[in-house]
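Written out below as structure tokens is the structure these notes cover.
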Amino acid sequence: MPEIAPLPLSRLTTLRAGGTPTRLVEARTTDELVSTLRDLWASGEPWLVVGGGSNLLVGDDPFDGTVVLVRTRGIERLPSPIEGRARLRVQAGHDWDELVEYAVAEGLSGIVAMSGIPGTVGAAPVQNVGAYGQEIVQTLVEVELLDEATGEVSVVPAADLKLGFRTSVLKNHYGSVAERPGVILSVTLELREVGHGEYVLQGPQLRAALGVAPDQPVTLRWVRETVLATRARKGMVLDDADPDTSSAGSFFQNAVVSASFARTLPDECPRWPVAPDLDPVTVIPLDRYDGIVPSPTSGEPDVKVSAAWLIEHAGLRKGFRLPRSRAGLSTKHALALTNRGGATAAELAELARFIQGRVQSEFGLILQPEPVLVGVEL
Numbered sequence: 004m005p006e007i008a009p010l011p012l013s014r015l016t017t018l019r020a021g022g023t024p025t026r027l028v029e030a031r032t033t034d035e036l037v038s039t040l041r042d043l044w045a046s047g048e049p050w051l052v053v054g055g056g057s058n059l060l061v062g063d064d065p066f067d068g069t070v071v072l073v074r075t076r077g078i079e080r081l082p083s084p085i086e087g088r089a090r091l092r093v094q095a096g097h098d099w100d101e102l103v104e105y106a107v108a109e110g111l112s113g114i115v116a117m118s119g120i121p122g123t124v125g126a127a128p129v130q131n132v133g134a135y136g137q138e139i140v141q142t143l144v145e146v147e148l149l150d151e152a153t154g155e156v157s158v159v160p161a162a163d164l165k166l167g168f169r170t171s172v173l174k175n176h177y178g179s180v181a182e183r184p185g186v187i188l189s190v191t192l193e194l195r196e197v198g199h200g201e202y203v204l205q206g207p208q209l210r211a212a213l214g215v216a217p218d219q220p221v222t223l224r225w226v227r228e229t230v231l232a233t234r235a236r237k238g239m240v241l242d243d244a245d246p247d248t249s250s251a252g253s254f255f256q257n258a259v260v261s262a263s264f265a266r267t268l269p270d271e272c273p274r275w276p277v278a279p280d281l282d283p284v285t286v287i288p289l290d291r292y293d294g295i296v297p298s299p300t301s302g303e304p305d306v307k308v309s310a311a312w313l314i315e316h317a318g319l320r321k322g323f324r325l326p327r328s329r330a331g332l333s334t335k336h337a338l339a340l341t342n343r344g345g346a347t348a349a350e351l352a353e354l355a356r357f358i359q360g361r362v363q364s365e366f367g368l369i370l371q372p373e374p375v376l377v378g379v380e381l
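Residue numbers (the working numbering): 4 to 381.
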């Protein structure tokens, strides 16, 4: 087993918090990763898989178990059955932004808007990462998954992962466990071949963020550089010299609420309609089926509202800190909780609870955390 000297999780996560595990294992090949996890699952020992550590808040107490660092790497270009497309099979431990740079260098479009997102490729489908209107659900073909329940490796189509807004069947949401526990070994994406010349950028949200007209031609390289610059201004590109980047990115999810609730919020609160399910599945128990399938009910689609706007308009401005706390909101982005230097997980959690309470008091909804919380309560 590839065991190394334990390091505190504060050195392995972008929030710079977390105690030291009993054991630390570094898996550099898929075989090492599979055998290590199978042994851990058979023993019943507590375990935690860490890739880039960019979506974790781990408690300050020592972690009484094994942390597995996923360090597998590699990109394989494959043919696509669709003309003008190419597939990339990427190992789970590969750096996400390195993958985006590879795709841009190869003239492949579909993930360039997600430039600068920290973390590893294997974590991307778990919470359906996205930025500026692009999400991994739009390009994901399948994942290679090691199933915790069976210990078997299988190829799982993207459609079976129930990818939604920052969620999937693989994600441990705060207060609940994953619907399908397992660890991703590799990811296969299908991207569009646009080359290195100019092309028309798809996606109104991305065009608006970059100030691009609907018919204005751009290059992939220009889009990547512009997205990186935009994220850097918000403190969303890792930089050891900038404490605003010692974060888990957006700590709270943009809230998805009913249309009727959205109308109770101030008109100035940014909001976006959530696409309705145009082909809903109706399940009728056999003992109640009378031969008639009811017509689907129509209603207003849900609405996604800006968590950052809610936080700021609850009176918590960029840079806000509780007295004597080393945790604070980013000075550049109100949605990022940051470690200003030596903050504990307890301090970060205290700030998160305070924000939740202020937003609930002001607007009547409870913001949900986006990172996975281990040994931490909000």
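Virtual Cβ for every residue (Gly too), placed ideally from N, Cα, C.
Count the other C-beta atoms from every protein chain shown that fall within 10 angstroms of the C-beta of residue i, then say buried if there are 16 or more, exposed otherwise.
i    : result
P184 : exposed
R327 : exposed
A8   : exposed
I369 : exposed
H316 : buried
D247 : buried
A346 : buried
E155 : exposed
G47  : exposed
R385 : Limits of the chain in this structure are 4 at one end and 381 at the other, which puts residue 385 out of reach.
L91  : buried
V180 : exposed
Between the options, which has its C-alpha nearest residue i's C-alpha?
i    : options                : result
M117 : R41, A134, P84         : A134
P121 : V107, D100, E109       : D100
A337 : G238, S364, E6         : G238
L148 : V37, L59, A330, T16    : V37
R234 : Q256, R266, L209, Y202 : L209
P372 : A311, K335, K321       : A311
A126 : R88, S171, S157        : S171
A212 : Y105, V93, L10, L231   : L231
H395 : S309, N58, A355        : Residue 395 lies beyond the stretch modelled for the chain, which goes from 4 to 381, so this question has no answer here.
A216 : G378, L204, P269, F264 : L204
V306 : A265, T341, R19        : A265
E382 : P276, L340, A348, V53  : The chain is shown from 4 up to 381; residue 382 falls before or after that span and cannot be answered.
F243 : V52, R14, V146         : Residue 243 is actually Asp in this sequence, not Phe. Of V52, R14, V146, the residue nearest in Cα terms is R14.
W44  : V71, P24, R19          : V71
Have a look at the DSSP bridge pairing and note the partners of residue i.
i    : result
N342 : A330
K321 : In DSSP, K321 forms no bridge with anything.
D34  : None; D34 has no bridge partner.
T123 : D98
K137 : It should be noted that the sequence gives Gln, not Lys, for residue 137. Answer by DSSP bridge pairing, in chain order: A134.
L149 : V156, V186
R274 : V308
What is the C-beta distance between residue i and residue j, in whole angstroms, given that I count them as a contact (C-beta under 8 angstroms)?
i    : j    : result
P49  : G62  : That belief does not hold up - the Cβ atoms of P49 and G62 are roughly 12 angstroms apart, past 8 angstroms.
G55  : T153 : At roughly 27 angstroms, the Cβ-Cβ gap does not stay under 8 angstroms, so G55 and T153 are not in contact.
R320 : A330 : Not really, about 15 angstroms apart at Cβ, beyond 8 angstroms.
L12  : A95  : That pair is no contact at about 19 angstroms.
K174 : Q130 : 5 angstroms
Whole alpha helix (DSSP H) elements within the segment 214-268, 4-residue minimum
223-236, 262-265
Could you give the uninterrupted runs of the alpha helix (DSSP H) lying entirely in the segment 160-216, keeping only those of 4 residues or more?
207-213
Inside the segment 41-91 only - beta strand (DSSP E) runs reaching at least 3 residues:
50-53, 59-61, 66-73, 78-82
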